[in-house]
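In what follows, a structure is listed as structure tokens, so that the remarks can point back to it.
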Amino acid sequence: MAEGGIRCTVNGQEARFEAGPERTLLQALREELGLTGTKDGCSSGDCGACVVIMDGQPVNACMVLAPQAEGARIRTVEGLAAAGGLHPLQRAFGETWAFQCGFCTPGMLMSCVALLEANDRPSRDDILTAIAGNFCRCTGYQAVVKAVQQAAAEMRGGEGPA
Ligand code: FES
Ligand code: FES
Numbered sequence: 000m001a002e003g004g005i006r007c008t009v010n011g012q013e014a015r016f017e018a019g020p021e022r023t024l025l026q027a028l029r030e031e032l033g034l035t036g037t038k039d040g041c042s043s044g045d046c047g048a049c050v051v052i053m054d055g056q057p058v059n060a061c062m063v064l065a066p067q068a069e070g071a072r073i074r075t076v077e078g079l080a081a082a083g084g085l086h087p088l089q090r091a092f093g094e095t096w097a098f099q100c101g102f103c104t105p106g107m108l109m110s111c112v113a114l115l116e117a118n119d120r121p122s123r124d125d126i127l128t129a130i131a132g133n134f135c136r137c138t139g140y141q142a143v144v145k146a147v148q149q150a151a152a153e154m155r156g157g158e159g160p161a
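Under numbering that gives the first Met the number 0, think of the first position of the sequence shown as 0, with each following residue one higher.
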């Protein structure tokens with residue numbers, strides 16, 4: 000562990016936060032770095048509202064102890080939109096009504112972005128597997144599948160959905 004707290008990068012910026020023995024990455028992101036886009040739904044690894052991408056893999060931030068983030072590359076929903084505008088998946092979520100109350104959306108987006116970065120032509124089953132840990136009380140998931148396939152097509156260069 001680095002002296003003076005945990006050091007990592009968050010959305011491409013160097014970040015530092017405290018590392019109490021029971022402190023989680025979710026608490027550090029929300030309470031110390033002010034990145035409240037990542038939601039706390041259950042604090043127990045069950046709902047997926049807190050998913051962030053850590054070294055390329057989607058993780059439940061409530062299940063990652065802060066010291067485990069030492070040296071890691073963390074991405075949160077706040078980092079999705081680039082200077083040019085929303086990520087294609089964010090736009091697709093809006094266009095297909097893939098969210099309603101929006102509480103699950105940050106975690107859902109991060110799980111789906113991790114999928115799209117690994118698989119540019121995900122099938123319906125691939126998408127349902129990727130979001131198996133993301134609970135949504137509102138959408139019934141079908142619009143999420145549509146949004147991911149729409150975004151995948153756009154990211155491949157404008158083909159129709161797979
Ligand atoms: S808040 Fe982390 S899985 Fe629910
Ligand atoms: S949009 Fe409400 S829980 Fe998913």
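For each residue, glycine too, the CB sits at the ideal point set by N, CA and C.
A quick note: this is a predicted structure, and the numbers were derived from the prediction, not measured.
I need the boundaries of the beta strand (DSSP E) containing Phe-16, first residue and last residue.
Within the sequence shown, the letter at position 17 stands for residue 16. Annotation for Phe-16: the continuous beta strand (DSSP E) segment containing it runs 12–16.
Ligand 1 heavy atom lying under 6 Å from the CB of Ser-42
Locating residue 42 in the sequence shown gives position 43, where the first residue counts as 1. Of the heavy atoms belonging to ligand 1, at least one sits nearer than 6 Å to the Cβ of Ser-42.
Assigned exposure category for Ala-117 - 16 Cβ within 10 Å defines buried:
Taking the first residue of the sequence shown as 1, we reach residue 117 at position 118. With fewer than 16 other Cβ atoms inside 10 Å of its own Cβ, Ala-117 counts as exposed.
Is it buried or exposed for Thr-128, if we count other Cβ within 10 angstroms and need 16 for buried?
Translated into positions along the sequence shown, residue 128 becomes position 129. Taking all protein chains shown into account, Thr-128 has fewer than 16 neighbouring C-beta atoms within 10 Å of its C-beta and is therefore exposed.
Cα-Cα separation, Phe-102 to Val-147
Your numbering for residue 102 matches position 103 in the sequence shown. Your numbering for residue 147 matches position 148 in the sequence shown. Roughly 18 Å between the two C-alpha positions.
Can you round the beta-carbon distance between Arg-15 and Gly-4 to whole angstroms, since I take them to be within the 8 Å contact cut?
As a position in the sequence shown, residue 15 is number 16, starting the count at 1. As a position in the sequence shown, residue 4 is number 5, starting the count at 1. Right, their Cβ atoms sit about 5 Å apart.
Check whether the stretch 60–67 touches the stretch 15–29, counting contact only when three or more Cβ pairs, one atom from each stretch, lie closer than 8 Å.
With a cut-off of 8 Å, the stretch 15–29 and the stretch 60–67 count as touching, because enough Cβ pairs lie within range.
Assign Cys-100 to one of two classes, buried (16 or more other C-beta atoms within 10 Å of its C-beta) or exposed (fewer than that).
Stepping through the sequence shown from its first residue, residue 100 is reached at position 101. If you draw a 10 Å sphere on the C-beta of Cys-100, you find fewer than 16 other C-beta atoms in it, and that means exposed.
Among Gln-89, Gly-11, Gly-40, nearest to Ala-71 - alpha-carbon criterion
Position 72 of the sequence shown holds residue 71. Cα-wise, what sits closest to Ala-71 is Gly-11.
Cys-41 versus Met-107: straight-line alpha-carbon distance, rounded
For the purposes of this step, residue 41 is identified with residue 42 of the sequence shown, where counting begins at 1. For the purposes of this step, residue 107 is identified with residue 108 of the sequence shown, where counting begins at 1. Answer to the nearest angstrom: the Cα atoms are 15 Å apart.
At which residue ranges does the stretch 38–98 contain complete alpha helix (DSSP H) runs of 4 or more residues, listed in the order of the chain?
DSSP assignment within the stretch 38–98 yields the following whole alpha helix (DSSP H) runs of 4 residues or more, N-terminal first: 87–95.
Neighbour-count burial assignment, Ser-110, 16 or more Cβ in a 10 Å radius:
What you label residue 110 is simply residue 111 of the sequence shown in a count that begins at 1. Ser-110 sits buried, since 16 or more C-beta atoms from the chains shown fall within 10 Å of its C-beta.
Between which two residues does the beta strand (DSSP E) holding Thr-168 run?
Here the chain has residues from 0 to 161 only, and residue 168 is not among them.
Out of curiosity, what's the CA-to-CA distance linking Gln-149 and His-86?
For this step, residue 149 is matched to residue 150 along the sequence shown. For this step, residue 86 is matched to residue 87 along the sequence shown. In a straight line, the C-alpha of Gln-149 is about 12 Å away from that of His-86.
Lys-167 versus Asp-54 - alpha carbon distance
Lying outside 0 to 161, the shown extent of the chain, residue 167 is not represented and no answer is given.
Kindly examine ligand 1 and report whether one of its heavy atoms sits closer than 6 Å to the Cβ of Gly-55.
As a working mapping, residue 55 is identified with position 56 in the sequence shown. Taking non-hydrogen atoms of ligand 1 into account, the C-beta of Gly-55 is found less than 6 Å away from none of them.
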